[in-house]
Structures are given as structure tokens and as C-alpha cells.
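A.B. asks: Residue 55 in UniProt numbering sits at position 55 of the sequence shown, with consecutive numbering throughout. For glycine and all other residues, C-beta sits at the position ideal for the given N, C-alpha and C.
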Amino acid sequence: MELNTAADHWQAGDAVFADIRDPQSFAMGHIPGAQRIDNSNLGVFLESVDKDAPIIVVCYHGISSQGAAEYIAAQGFNNVSSMNGGFTAWSMSYPEHVNKE
Numbered sequence: 001m002e003l004n005t006a007a008d009h010w011q012a013g014d015a016v017f018a019d020i021r022d023p024q025s026f027a028m029g030h031i032p033g034a035q036r037i038d039n040s041n042l043g044v045f046l047e048s049v050d051k052d053a054p055i056i057v058v059c060y061h062g063i064s065s066q067g068a069a070e071y072i073a074a075q076g077f078n079n080v081s082s083m084n085g086g087f088t089a090w091s092m093s094y095p096e097h098v099n100k101e
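#1: Pairing CB atoms from the segment 62-72 with CB atoms from the segment 23-32, are three or more of them under 8 Å?
#2: Less than 7 Å between C-beta atoms, sequence neighbours within five positions excluded: which residues of the same chain meet that for HIS9?
#3: Throw me the rounded Cβ distance for the MET92 and ALA6 pair, which I believe falls under 8 Å.
#4: Just to confirm before moving on: does the CB-CB distance between PHE45 and ALA34 stay below 7 Å?
#5: Give the DSSP-derived three-state secondary structure of GLN11 in the structure shown.
#6: At which residue ranges does the UniProt domain "Rhodanese" (11-99) contain complete beta strand (DSSP E) runs of 3 or more residues, listed in the order of the chain?
#7: Is ASP19 closer than 7 Å to VAL58 when the C-beta atoms are compared?
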């Protein structure tokens with residue numbers, strides 16, 4: 001998914017952003033409202049999200065998120081995408097929309 005399209009979904013609030021980066025990177029900055037997922041909470045995430053909701057998977061540069069998006073889609077989710085450019089592109093394009101913990 002193109003960065004601008006992901007940003008449109010973020011603005012509309014109609015997508016779930018699943019961030020697969022490590023906890024430290026997520027804490028240093030993430031898309032507001034994004035959920036950090038990893039192997040320890042993936043099952044809970046999959047149970048809690050509507051199978052028809054748009055899910056946008058985010059990693060560092062948009063590479064690792066492709067495989068994660070494919071995996072989530074294989075679990076029966078209908079609208080899963082990987083965000084091109086990852087969080088790096090987001091933070092460079094939308095620095096005002098980065099949450100830090």
C-alpha cells in the first residue's frame with residue numbers, strides 16, 4: 001500500500017495499523033493508534049480485530065511487513081496490506097504524526 005493511501009486510512013480512522021518493529025523502536029516513535037504486535041500477542045491481536053477491517057502492517061522499511069501481511073491474510077483476514085516505505089517513510093513524510101513513549 002502506498003504511503004499516501006495509508007495516511008488517508010489513518011486520517012479516516014478506518015484501518016488498524018499493526019506495527020511489527022521491536023519494542024524499543026516502537027517506543028521511540030510510532031504511528032498514533034498503531035498496535036505493536038509480535039509472536040507473544042499475535043493471537044490476541046488476531047482474535048480482537050474484525051476480519052473485514054483494513055489492516056495495514058508496518059515495519060521499518062516495508063520489507064518485513066510484506067510477509068507479516070501475507071501471514072495475517074492467510075488467517076482469514078480480507079483486507080491486509082503492507083505499507084510501502086514502512087515507518088521510516090511515515091516519519092519522514094509525516095513527522096507531526098509520530099507518537100513517542
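C.D. replies: Well, looking at it:
#1: No, the segment 62-72 does not touch the segment 23-32.
#2: Excluding the 5 residues flanking it on each side, HIS9 has same chain C-beta neighbours closer than 7 Å at ALA15, PRO54, ILE56, in chain order.
#3: Going by Cβ atoms, the distance from MET92 to ALA6 rounds to 14 Å, so no, they are not a contact pair.
#4: No, these two residues do not count as a Cβ contact at 7 Å.
#5: Note: GLN11 maps to helix in three-state DSSP.
#6: DSSP runs (the beta strand (DSSP E)) wholly in the UniProt domain "Rhodanese" (11-99): 16-19, 55-58, 80-82.
#7: Contact flag set, yes.
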